[in-house]
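Engineer: In this note's numbering, the protein residues as written are 41 to 397.
Every residue gets a Cβ at the ideal spot worked out from N, C-alpha and C, and that includes glycine.
First the structure, which I've put down as structure tokens, then a few questions once you've had a look.
Below, the structure is given as structure tokens:
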């Protein structure tokens, strides 16, 4: 067989291919010329510590005056409200004017009639005494006249206590306290005996906190309670349970725990304000950790410790939480530091870099 003869162009192509073969046999270079680095996460850690948090039941209620510490203000004469001196929410002193009342003319007439009756009966007593001296009247008639005069004087005293012949009455506060209700307006006509204001002594106030019936067994008198406005947590004060009702409130279907407290001058806690109360009935002990250290995992939580520069995953059971802290039960290694910031990005065995605090 004759050897195959190549042309000049074919020989040049073969020569070029033979020259490239050593280069094609070399392994591909690494990306960027370096090997890939192991992934790591930057975290903050702190030493593990044991501690406790209080157990609390939460209830809601409305501030009210202490039982027996509120008083209705009423007027015994019919009239018309001419001028209001105070508004609802005002703190008043005993004897302070609340309003001016123009007395109904009929009420003034009743006083005039009582005074006329007194004068007439007293005149009759004097006349009959003279007749008795002349033996023209009996002592029985004199006794009847004296009784009628006594009744007339009593009627005048009643009218004087009601305001007498005064055309205007100034209604004053019988006690010092907070004006919690003012059911009349300027110009209103009011009947005799009508309530025109309600005052409450605010030195001591109370809140009936509604709690679940199943939790009532945990509450007893003397327990401490933190009370705070539902509108502003800064308005808070400490109180004490004074009574636990042993019946269901028909309106709320809850059990009322009555809490008494002494408001401070700047607390802003007034009757009618809705409050949240946390009743402290015990405490829970365990590992005390920040809530930021907890990572949701399935139906529970996990946390991470640092062991030799690696993240160590630990399952935890949350016993209670309060604010930014939690008490948990977990198989922690007390010698290892706990990851408090950045735990969400970790997995078991992942390399970590601890930030300096």
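Kindly indicate the opening and closing residues of the beta strand (DSSP E) around residue 87.
Structural biologist: Taken as a continuous stretch (DSSP letters only), the beta strand (DSSP E) holding residue 87 covers 80-87.
Engineer: From this set, 286, 315, 362, which residue's C-alpha is nearest residue 270's C-alpha?
Structural biologist: Among 286, 315, 362, the Cα nearest to that of residue 270 is on 315.
Engineer: CB residue 154 to CB residue 187, shorter than 8 Å?
Structural biologist: no
Engineer: With residue 318 as the anchor, note down where its beta strand (DSSP E) starts and where it stops.
Structural biologist: 314-330
Engineer: Are the CB atoms of residue 295 and residue 285 nearer to each other than 8 Å?
Structural biologist: yes
Engineer: In chain order, what residues of the same chain lie with their CB nearer than 7 Å to the CB of residue 131, ignoring the 5 residues before and after it?
Structural biologist: 218
Engineer: Tell me, to the nearest whole angstrom, how far the beta carbon of residue 92 is from that of residue 367; I am working on the premise that it is less than 8 Å.
Structural biologist: 7 Å
Engineer: Short of 6 Å in beta carbon distance, which residues of its chain neighbour residue 289, apart from the five on each side in sequence? Order them along the chain.
Structural biologist: Excluding five sequence positions before and after residue 289, the CB atoms of its chain that fall closer than 6 Å to its own CB belong to 296, given in chain order.
Engineer: Tell me the rounded alpha-carbon separation between residue 309 and residue 106.
Structural biologist: 14 Å
Engineer: Residues in its own chain within less than 8 Å of residue 398 by CB, not counting five upstream and five downstream?
Structural biologist: The structure shown does not extend to residue 398, since the chain is modelled only from 41 through 397, so no value can be given for it.
Engineer: What does the alpha-carbon distance come out to for the pair residue 364 and residue 279?
Structural biologist: 23 Å
Engineer: Do the region 237-257 and the region 163-175 make contact, defined as three or more Cβ pairs closer than 8 Å?
Structural biologist: No: fewer than three Cβ pairs fall under 8 Å.
Engineer: Does the region 77-84 touch the region 206-214, meaning 3 or more C-beta pairs lie closer than 8 Å?
Structural biologist: Judged by Cβ distances under 8 Å, the region 206-214 makes no contact with the region 77-84, as fewer than three pairs qualify.
Engineer: What residue does the beta strand (DSSP E) around residue 296 start on, and which one ends it?
Structural biologist: 295-301
Engineer: Figure out for me which residue from 90, 124, 247 has the closest Cα to the Cα of residue 102.
Structural biologist: 247
Engineer: Considering only the alpha carbon of each residue, which of 118, 355, 196, 100 lies closest to residue 233?
Structural biologist: 118
Engineer: Would you kindly report the start and end of the unbroken beta strand (DSSP E) that includes residue 212?
Structural biologist: Here the beta strand (DSSP E) through residue 212 covers 208-212.
Engineer: Nearest-angstrom Cα distance between residue 304 and residue 385?
Structural biologist: 47 Å
Engineer: Kindly indicate the opening and closing residues of the beta strand (DSSP E) around residue 344.
Structural biologist: 340-347
Engineer: When DSSP labels each residue in this structure, what does residue 73 get in the three-state scheme?
Structural biologist: Residue confidence is low: residue 73 scores 43 on pLDDT, short of 50, so the model does not pin down where it sits. Its coordinate-derived value is still stated next. If DSSP states are grouped into helix, strand and coil, residue 73 belongs with the helices.
Engineer: Please classify residue 393: is it buried, with 16 or more other beta-carbons within 10 angstroms of its beta-carbon, or exposed?
Structural biologist: exposed
Engineer: Could you tell me which residues DSSP puts in a beta bridge with residue 369?
Structural biologist: 357
Engineer: Any idea what DSSP makes of residue 227, helix, strand or coil?
Structural biologist: coil
Engineer: Please classify residue 194 as buried or exposed, where buried requires at least 16 neighbouring CB atoms within 10 angstroms.
Structural biologist: exposed
Engineer: Taking only three categories from DSSP, how would you classify residue 311?
Structural biologist: coil
Engineer: Does the distance from the CB of residue 353 to the CB of residue 342 come in under 8 Å?
Structural biologist: yes
Engineer: Considering only the beta carbon of each residue, do residue 333 and residue 276 sit closer than 8 Å?
Structural biologist: no
Engineer: Rank 88, 78, 99 by C-alpha distance to the C-alpha of residue 292 and give the top, closest one.
Structural biologist: 99
Engineer: For a test of the three-state rule: what should DSSP assign to residue 241, helix, strand or coil?
Structural biologist: coil
Engineer: Looking at the structure shown, is residue 61 part of a helix, part of a strand, or coil, going by DSSP?
Structural biologist: Legend: pLDDT at residue 61 = 46, less than 50; position of this residue unreliable, value from coordinates given subsequently. Looking at residue 61 - three-state DSSP - the assignment turns out to be helix.
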